[in-house]
Every structure is written in C-alpha cells, then in structure tokens.
Amino acid sequence: MTEQEWSLLARLGYRLEDGKVKHLKLGIVLEVEDFSGFDSLSALEAYAKERLRTHCLLKQKKRNSSE
6 MTEQEWSLLA RLGYRLEDGK VKHLKLGIVL EVEDFSGFDS LSALEAYAKE RLRTHCLLKQ
66 KKRNSSE
C-alpha cells in the first residue's frame with residue numbers, strides 16, 4: 006500500500022498493528038489484503054467508510070435487541 010493509502014486509513018482511525026489493520030476504538034481487526042487492490046483513493050475511502058458504517062450498525066442493532 007502507498008503512503009497516501011495509509012494516510013487515508015489513518016485519518017479514518019485505522020492503524021497497522023501486528024500485520025493487521027485495526028480500528029482500536031471500534032475493535033475492528035482486518036487483513037491488510039482487505040484494503041489492497043483499489044483503483045483509486047476514493048474507492049478505498051468508500052470501502053473503509055462502509056466497513057465502519059456496517060460495524061457501527063451491527064453494534065447498534067445488537068445493543069437494541071438486548072434491551
């Protein structure tokens with residue numbers, strides 16, 4: 006991955022740790038390969054944001070169902 010790609014992911018809260026891409030605040034752990042092979046930075050950004058959205062929605066749904 007390029008420096009620009011890592012910079013974009015860092016702005017969204019992702020970090021490279023132990024060979025994995027992690028979002029420490031949300032507890033997301035993904036493989037580096039999940040973020041590779043995008044044609045543009047905007048496509049990578051859209052994918053990364055969608056992963057965050059999906060995770061938050063699932064977390065919210067789980068919390069609502071336990072109430």
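Residue numbers (the working numbering): 6 to 72.
Note that CB positions come from ideal geometry on N, CA and C, so glycine has one too.
Run through DSSP, which three-state label would residue i get?
| i | result |
| --- | --- |
| residue 27 | strand |
| residue 63 | helix |
| residue 1 | Absent from the structure is residue 1, since the part of the chain shown begins at 6 and ends at 72. |
| residue 13 | helix |
Beta carbon of residue i, beta carbon of residue j: below 9 Å?
| i | j | result |
| --- | --- | --- |
| residue 8 | residue 40 | no |
| residue 68 | residue 35 | no |
| residue 37 | residue 21 | yes |
Suppose the cutoff is 6 Å on Cβ atoms and the five residues either side in sequence are ignored; what does the same chain contact list for residue i look like?
| i | result |
| --- | --- |
| residue 19 | 26 and 28 |
| residue 59 | none |
| residue 31 | 60 |
Keeping to the same chain, check which residues put their C-beta closer than 8 Å to that of residue i; ignore five residues upstream and five downstream.
| i | result |
| --- | --- |
| residue 53 | 13, 14, 17, 19 and 40 |
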